[in-house]
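Structure, as structure tokens:
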Amino acid sequence: MRRTRAGLVAATSTALASVVLALGAAVTAQAAPLFSADFENGSTSGWSKSGGSWSVVSDGSQVLQQSDTASSRARLLNGNSGWSDYAVQARVKPLSFNGSNRVVALAARASGSTTMYRLALINANRVELQAMNGSSITVIGSASLSVSTGTWYTLRIEASGSTLRGFVNGTEVASGTNAMTSSGRIALFTEYASARFDDVVVNSPTTAPPTSAPPTTAPPTTPPPSGALYVAPNGSDSAAGSESNPTTLTSAITRVAAGGAIYMRGGTYHYSQTITIAQGNNGSSSARKKLFAYPGETPILNFSAQSEDPANRGIVVGGNYWHVHGLVVERAGDNGILLAGNNNIIERVITRFNRDSGLQLSRLAAGAPRDQWPSHNLILSTESHDNVDSDGEDADGFAPKLTVGPGNVFRYTVAHNNIDDGYDLFTKTDTGPIGAVTIEDSLAYENGTLSNGGQAGNGDRNGYKLGGEDIGVNHVIRRNIAHDNGKHGFTYNRNNGSMQISNNLGTNNEERNFNFDAGSSVFRNNTSCNSGSTDRIVGDADGSNQFWDGANGTRCANYTGSLGWSFAPDGRLVVTLGGRVVTL
């Protein structure tokens, strides 16, 4: 076998923060972001509007849209007017252009609504780095670029002193000097065009990457709010639930009010029965129910007393508008967590050593209609590893499969060393298509092999398995990494739909990094290195991709060495290869 296991370092980071995603650029580490916006809260609060019609819409996840193509200059500004040397990056998708030489742009150092530096996509198949001063436009640098509607581009401007640099999809397209303005805010910009924007990040100047993994630190120590319920391993059902007289988790779940919080003290909780948040036990969009680890402590929910059985889950979340944060769920007889409700957030959770998939999204009861399939859940900065069932073919890291509604998002998640797949989006004829799932900024590695080296012949061993039984579902798979998995990195698995596969990296996977034999999926800005065999691509794939056909392309020089990863303080996933931060 060709496969060799790469070394791994994983730690929670205080020194590293957001990964700015720019595939093919020099690999650098960055300080904590000055500003970020992903619009998942549905709001444009804090942004200053000047022209246009701006709103938050759904595009796999929540994104910002400017829809007025009659607006000559539509701008949305944010940030600090005193910002001087910084880098701003955003994903940008032109939707339509009203005429020729129209513009969709990202801007830096906006000292007014018409004074700024812009990196402009122009529908004459070019990109320009511009100094805009009122009606005067000075072109600092430009390049030819295929500008297509419906395609996401990652734009980035770096400003340092009088030096300006512009990047598209990680490739520098223009640079030069200009002293028009030395500081200012950021802006999203269109001229007689409609467009969508997402994942806006502003960073201070880059620094060299660390030479070793950053230290592990405890979670924040912000005191819990007054009125919270407290749970401890020695709590009792009838206790008041105060810090000095803690209750049990099963009791607290039935007592917490909408907008209230349950705090679990650190230690190991031994359970033999499933912990259930029942259907109807709901918060609301403005008053979530919270189940949090006590600040600075780690509660471990251990279900090893359960036998292996499909009925023996660890936690079942059937309610809506819950936020679960900071728990470890391990050794359940089936799923560690079954997420069956809607509009929930699972954050900074670890599911491990369970006897089916660590975290699965599926309907709560057999025969439940589609309108009761779990929808609009967010799994954030969460890890799932070493889940294994006795037959070695069912236990995935994350499994949004079979009976899943629309709008579910996995962001900054890590699935590794599970016996089957890292991410399993399987569908079958009996239940039909599931809702489209978004997986972004996530990592799958060494699936098919447990951390102790154990393997099973029945496991599929893919990083991202995206379908089943010739059922088309238009998933969104972007800015993810598949490394050293036992079969494919990314595979359609008979999903013949039109998926959006963009800005992903596949490295060192056993059979293929990318395996897509049918469908009409759209491939943009993907990179494949050291594949076990030639990638297979059926669909809309242009020259922005670098697939593997027997030899590495030029981008692969940035993606060598041992894998490391960490969660930054703000929850973003930081991945390194050979000590270099991977940017996509």
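In my numbering, the protein residues as written are -16 to 567.
Positions of the beta carbon are idealized from the N, C-alpha and C atoms, including for glycine.
Only a predicted model underlies this, so the values are computations on that prediction, with no experimental measurement involved.
Strictly by DSSP, which residues pair up with residue i?
i    : result
H458 : The partner list for H458 (beta bridge, DSSP) is empty, contrary to what the question assumes.
H399 : H368 and Y428
R394 : L363 and E423
N116 : T98 and S119
Y475 : Paired residues: none, contrary to the question.
F180 : L47 and V75
L344 : L322 and P383
S511 : G489
T334 : V312 and S367
F172 : R58 and A88
E452 : Partner(s): none; E452 has no beta bridge.
W37  : Q49
F22  : Note: F22 sits in no beta bridge, so no partner.
G124 : L112
Assign residue i to buried or exposed, taking buried as 16 or more other Cβ atoms, counted over all protein chains shown, within 10 Å of its Cβ.
i    : result
I120 : exposed
R179 : buried
H253 : exposed
P352 : exposed
D339 : buried
P77  : buried
T251 : exposed
S549 : buried
K273 : buried
G309 : buried
T237 : exposed
R563 : buried
P282 : buried
V40  : exposed
V557 : buried
Reducing DSSP to helix, strand and coil, say where residue i ends up.
i    : result
Q289 : coil
I236 : helix
Q256 : coil
A53  : coil
N303 : coil
T410 : coil
A540 : helix
Q355 : helix
T27  : coil
Q45  : strand
T571 : Any answer about residue 571 is impossible in this case: the structure gives the chain only from -16 up to 567.
W135 : coil
M482 : coil
P416 : coil
N186 : strand
W548 : strand
N161 : coil
A262 : Before going further, note that residue 262 is Gln rather than Ala in the sequence given. Q262: coil per DSSP, three-state reduction.
K574 : With the chain covering -16 to 567 only, the question about residue 574 has no answer from this structure.
G442 : coil
E280 : coil
G250 : strand
D523 : strand
Could you tell me the distance, in whole angstroms, from the CA atom of residue i to the CA atom of residue j?
i    : j    : result
A102 : W135 : First, the residue type needs correcting, since residue 102 is Leu and not Ala in the sequence shown. Taking the straight line joining both Cα atoms gives about 15 Å.
T334 : N400 : 12 Å
R495 : L344 : 27 Å
F22  : S290 : 42 Å
A126 : G279 : 50 Å
G446 : D407 : 8 Å
N360 : V392 : 6 Å
V371 : I484 : 28 Å
V420 : R394 : 11 Å
N61  : S225 : 42 Å
R56  : T510 : 35 Å
I402 : D374 : 10 Å
E376 : N441 : 5 Å
S129 : D467 : 33 Å
G554 : S187 : 18 Å
N24  : S38  : 12 Å
S221 : T259 : 18 Å
V239 : V214 : 12 Å
S96  : W66  : 16 Å
A176 : Q49  : 8 Å
Check whether chain B comes within 7 Å of residue i, counting only Cβ atoms and requiring the distance to be less than that.
i    : result
E280 : Any reference to chain B falls outside this structure, which holds one protein chain only.
The segment 99 to 117 in contact with the segment 80 to 88 per 3-pair CB rule at 8 Å: yes
Are three or more beta carbon pairs between the segment 154 to 167 and the segment 25 to 39 nearer than 8 Å? no
Hey, is the segment 316 to 328 in contact with the segment 292 to 304, meaning 3+ C-beta pairs nearer than 8 Å? yes
Say whether the segment 426 to 436 touches the segment 450 to 461, bearing in mind that this needs 3 or more beta-carbon pairs closer than 8 Å, one atom from each stretch. no
Three or more beta-carbon pairs under 8 Å between the segment 108 to 123 and the segment 146 to 156, yes or no? yes
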